[in-house]
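As you go down the protein sequences, you meet chains A and B in turn.
Residue numbers for the first sequence follow full-length UniProt numbering, so the first one is 1 and each next one is one higher.
Residue numbers for the second sequence follow full-length UniProt numbering, so the first one is 1 and each next one is one higher.
Backbone N, C-alpha and C fix where the C-beta goes; we use that ideal spot for every residue, glycine too.
If you're wondering where the values come from, they're calculated on a predicted model, not measured in any experiment.
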Amino acid sequence: MKKWTEGGQPWIWLSAGALSCALIMLLGTLGWIAAQGLHHFWPKPIYQLELPATDASSPRALSFLAQPLRSGQVVDQSQDEQLWRLGNRDLQNQEYLWLPKSAGAEFSRPENALRIERQAWGDLFGFAQALIWQETQEDTRQEQRVPAEAAEFWSSLQTQLRVTQALQQQIRLLERREMGRLNQQLEQIRRQLRTSASHDPDTHAALLTTQQQLLHDHERLRLYLQNLYQQAAQPQLEIRLAQGETHALGLDQILRITRPNALSFIEKLQLYLHNIWAFLTENPREANTQGGIFPALYGTLVMVLLMTLLVTPFGVLAAIYLHEYAGKSLLARWIRISVYNLAGIPSIVFGVFGLGFFIYLVGGQLDQWLFADALPAPTLGTPGLIWVSLTLALLTLPVVIVATEEGLARIPRSLRDGSLALGATPAETLWRIILPLATPAMLTGLILAIARAAGEVAPLMLVGVVKLAPTLPLDDVFPYLHLDRKIMHLGYHIFDASFQSPDPEAARPLVYATALVLILLILLLNLSAIRIRHHLRERYQRFHNL
Amino acid sequence: MNVPSLSRPLSASQAQDFQPERLKLQVENFSLHYGREQVLQDIHLALPAKRVTAFIGPSGCGKSTLLRSFNRLNDLIEGCVCRGDIRLDQESIYAPGRDVVELRRRVGMVFQKPNPFPKSIYENVAFGLRVQGIRDRRTLDDVVEFSLRAAALWDEVKDRLHDNGFDLSGGQQQRLVIARALAVEPDVILLDEPASALDPISSLKIEELINELKHSYTIIIVTHNMHQAARVSDYTAFLHQGRIIEFGDTDSIFTNPSKRQTEDYITGRYG
């Protein structure tokens with residue numbers, strides 16, 4: 001025993017134990033998030049629950065179509081009660097049902113049960129009954145009806161769905177492009193009118209004419225769009241619900257129809273991958289409880305990259321000054337300590353500072369100078385992408401400074417002397433010898449900064465991250481990068497979906513999935529930075545041997 | 001003839017070296033402080049052109065500091081103050097307004113550990129020219145080849161000029177650093193224990209190189225190796241606690257030192 005302690009064995013075991021604990025916690029968290037998040041996208045079967053009549057008050061037997069929640073694929077008989085998702089939020093009182101074992105329900109898995117994902121009101125479970133649409137032939141409208149039993153039912157449904165989706169696509173394009181352009185022009189005219197009224201009557205009259213023309217175009221487009229909306233809403237799917245009543249659903253409401261009970265494994269796998277892809281590429285719906293996270297993913301990425309662009313020059317230059325020129329005076333020492341301590345300030349303080357200083361002071365002043373004609377509506381004096389990135393840049397500045405300074409300090413004095421002895425000035429030495437060697441350290445700083453910035457939420461709520469942003473911060477409309485726009489962010493999306501959501505049960509798996517995406521995004525950003533650093537280190541690999 | 005600090009009579013040929021017009025560097029009443037600590041005291045020294053002068057002495061005696069005073073590399077050390085004067089070709093190097101960059105181009109330096117830059121062999125040698133703004137490819141090629149030949153490295157690296165300087169062995173790296181110093185065409189080369197980090201064979205090559213180079217350059221070498229000092233140098237100065245104890249031609253210093261301290265050090269009684 002004595003020999004065991006003298007050999008330093010306890011220390012080895014203690015440190016190994018600590019490392020294993022850390023690893024287990026880390027992998028456990030990641031595994032849990034991944035399992036919960038990815039599980040959600042696997043198509044679940046639909047069960048039909050038959051509840052026997054219990055007492056006089058409800059003499060009728062109850063019947064539901066529902067998907068089991070939380071316990072996975074099969075009906076879990078080991079638990080006392082189980083949570084079921086009934087869907088059909090708009091048609092019945094409750095969307096969820098805790099069903100106790102004692103209720104004596106009977107389960108079946110009807111082959112042709114449908115899960116219909118809708119634009120609004122969440123999922124609908126039911127059986128197809130008929131497809132109804134109007135066909136116009138030589139001025140006479142004729143109603144077409146294909147019952148579900150008919151052989152051509154599925155193919156007609158697919159055709160009609162495709163027609164509807166094409167219409168919706170057209171509507172979206174018109175709204176985004178044409179309507180957006182008209183609105184922009186009208187806004188411009190409105191501003192010009194405000195200033196021109198007093199100056200030049202001719203111009204004013206011309207502007208008024210243009211405005212009339214634009215308003216006319218606007219009205220025409222609006223009517224055209226209205227017509228398109230009506231066309232899209234016209235074909236309907238008749239659905240029989242579990243209790244037997246029928247419900248008509250416009251095809252424009254339908255995102256996707258699946259028959260989970262009839263799917264083979266391959267089809268399920270396809271659907272699974274499709275679901276994941278849709279989650280990553282679609283817009284959120286239903287107050288972020290459904291749909292995808294694309295704007296949040298995109299917003300986070302743009303925000304972090306812009307932050308990197310902002311923080312790198314500031315951090316590196318500050319570190320160069322601190323290390324090369326500031327010397328060892330008391331003031332320099334205090335500044336250094338203050339910079340280190342900046343890293344420990346709670347991030348919400350940076351958020352409040354960003355709001356007060358950047359947005360109200362700087363943004364407000366910029367509005368006065370550059371966008372005076374839009375006032376009192378603020379352009380830059382309101383939360384937006386640029387302020388988010390600047391606040392984060394401020395937040396991560398100490399990390400970059402400290403890492404860069406350490407990198408500069410690690411460069412051997414002999415290299416500096418060698419360069420100076422050849423007649424290079426200190427500035428030339430810095431640019432040609434010192435800085436190239438310090439780049440791996442700067443990248444280390446950036447990696448840490450990115451990791452910190454991408455995971456930060458609290459300050460962002462104050463300076464420009466919102467629950468739902470109608471537009472993307474970087475798109476194909478001039479000037480491409482919209483610094484004044486509000487953005488969505490994965491971290492805030494997690495917070496919003498888990499705590500601000502009207503339907504936490506529905507949002508729950510999405511929160512896990514979003515967290516997984518956020519972690520993977522940070523991992524991806526870091527890996528790319530590490531790759532670059534590795535590449536640079538290869539080049540300078542042996543200077544550490546000096 | 002007034003040769004500062006020269007502690008014994010010289011032979012006729014040696015006296016030639018100390019003709020005023022043949023003196024490359026003259027140190028007059030030079031003292032240097034790091035903060036409160038006095039490192040060099042009242043140094044008087046005259047160093048003849050195109051000869052090898054060795055500085056010997058125990059660790060911390062100030063010989064490296066004296067060496068670094070010749071190209072004003074001490075300027076960068078905080079709290080370093082000096083008095084007195086050093087003259088290169090009769091011009092004071094500490095005169096106000098003296099261009100330090102120009103001085104360092106005339107006084108090249110090689111350090112104890114090889115310190116090639118993390119660049120290719122070619123770029124290492126061309127560095128001094130590049131900072132002077134020379135971009136012409138032909139000029140650079142010529143100077144690189146000339147310098148590498150002068151440093152006896154050309155044959156070993158001519159086929160891999162664009163490999164990293166770190167890929168060379170320690171001795172080759174040191175010769176690369178010497179080539180780098182030669183590329184800016186200096187008058188004086190300062191060698192700060194150039195062979196102390198090398199194996200005996202590489203060390204010998206450096207000594208042979210010094211013998212070659214002294215035909216064109218004034219060389220000052222700091223060394224801890226008595227045999228090396230005896231082999232390569234024409235004159236030797238022995239420093240102790242910031243003072244020059246003895247300065248004279250190498251043969252007499254090593255065979256017949258006039259001061260007790262010098263003898264003790266050379267024979268290895270302390271140091």
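So which residues of chain A does B:L73 contact, with C-beta pairs closer than 7 Å? D417, L420 and A421
Could you tell me which chain B residues have their CB closer than 9 Å to the CB of A:L207, listed as they occur along the chain? Chain B residues near A:L207: none, gap ~58 Å exceeds 9 Å.
Please name the residue in A:S102, A:L91, A:F64 and A:D90 whose C-alpha comes closest to that of A:W84. A:F64
Check whether chain B comes within 9 Å of A:R433, counting only Cβ atoms and requiring the distance to be less than that. Arg is not the amino acid found at residue 433 of chain A; the sequence shown has Ile there. Yes, A:I433 lies at the interface with chain B (some Cβ there is under 9 Å from its Cβ).
Give the DSSP-derived three-state secondary structure of A:T195 in the structure shown. helix
What residue from B:F254, B:D264, B:Q241 and B:Y235 has the CA that sits closest to B:S13's CA? B:Y235
Tell me, please, whether the CB atom of B:R105 is closer than 9 Å to any CB atom in chain A? yes
Just curious, the beta strand (DSSP E) that B:K24 is in, first and last residue? L23 to Y34
List the DSSP bridge partners of A:S338. In DSSP, A:S338 forms no bridge with anything.
Is the shortest distance between the beta-carbon of B:K113 and the beta-carbons of chain A less than 9 Å? yes
Consider the Cβ of B:F55: report whether some Cβ of chain A lies at a distance smaller than 9 Å. no
Going along the chain, which unbroken runs of the alpha helix (DSSP H) with 4 or more residues stay wholly within the region 325-401 of chain A? 330-342, 347-353 and 364-370
A:H39 lies in the alpha helix (DSSP H); which residues open and close that run? Q9 to H39
Terminal residues of the beta strand (DSSP E) in which B:S64 lies: Counting along the chain, B:S64 falls outside any beta strand (DSSP E), though it belongs to the alpha helix (DSSP H) covering K63 to S69.
Please give the ranges of any beta strand (DSSP E) in the region 231-276 of chain A, keeping only runs that are unbroken, at least 3 residues long and fully inside the region. 236-240, 246-250 and 254-258
Closest to A:L481 by C-alpha separation, out of A:F107, A:L306 and A:E106, would be which residue? A:L306
Distance between A:A469 and A:L193 (C-alpha atoms, nearest Å): 30 Å
From A:L510 to A:G455, what does the alpha carbon distance come to, in whole angstroms? 17 Å
Figure out for me which residue from A:A319, A:A128, A:F265 and A:Y298 has the closest Cα to the Cα of A:T439. A:A319
Buried or exposed: which applies to B:P200, given that a residue is buried once 16 or more other Cβ atoms fall within 10 Å of its Cβ? exposed
Measure from the alpha carbon of A:W356 to the alpha carbon of each residue in A:N88, A:L161, A:K44 and A:L390, then state which is nearest. It is Gly, not Trp, that sits at residue 356 of chain A in the sequence shown. That would be A:L390, whose Cα lies nearest to the Cα of A:G356.
Is DSSP giving A:G292 helix, strand or coil here? coil
Starting from B:D84, trace the alpha helix (DSSP H) in both directions and tell me its first and last residue. A small fix is needed here, since residue 84 of chain B is Gly in this sequence, not Asp. Note, B:G84: premise wrong, no alpha helix (DSSP H); beta strand (DSSP E) at C80 to L88.
Taking the alpha-carbon of B:R180 as reference, which of A:L228, A:I522 and A:L422 has the nearest alpha-carbon? A:L422
is_contact[A:L408, chain B] using C-beta, thresh 9 Å: no
Contact residues within the region 429-463 of chain A, judged by C-beta distance below 9 Å to chain C: Structure shown: chain C not included; protein chains present are A and B.
How should A:D417 be labelled, buried or exposed, when 16 other C-beta atoms within 10 angstroms of its C-beta is the threshold for buried? buried
Proximal residues of chain A, C-beta to C-beta of B:V101 below 7 Å: G423 and T425
Taking just the CA atoms, how far does A:H39 sit from A:A507? 14 Å
Rounding to the nearest angstrom, what Cα-Cα distance links A:F478 and A:R181 in this structure? 11 Å
Helix, strand or coil, according to DSSP, for A:M1 in the structure here? coil
Return helix, strand or coil for A:W154, following the three-state DSSP convention. helix
Does the pairing of the region 405-419 of chain A with the region 352-372 of chain A give three or more beta-carbon distances under 8 Å? no
Assuming B:L176 contacts B:L153 under a Cβ cut-off of 8 Å, what Cβ separation, rounded to an integer in Å, is found between them? 6 Å
Report the residue ranges of all alpha helix (DSSP H) runs contained in full by the region 429-482 of chain A; include only those spanning at least 4 residues, in chain order. 435-454 and 460-463
Please confirm whether B:G242 has its beta-carbon closer than 9 Å to some beta-carbon of chain A. no
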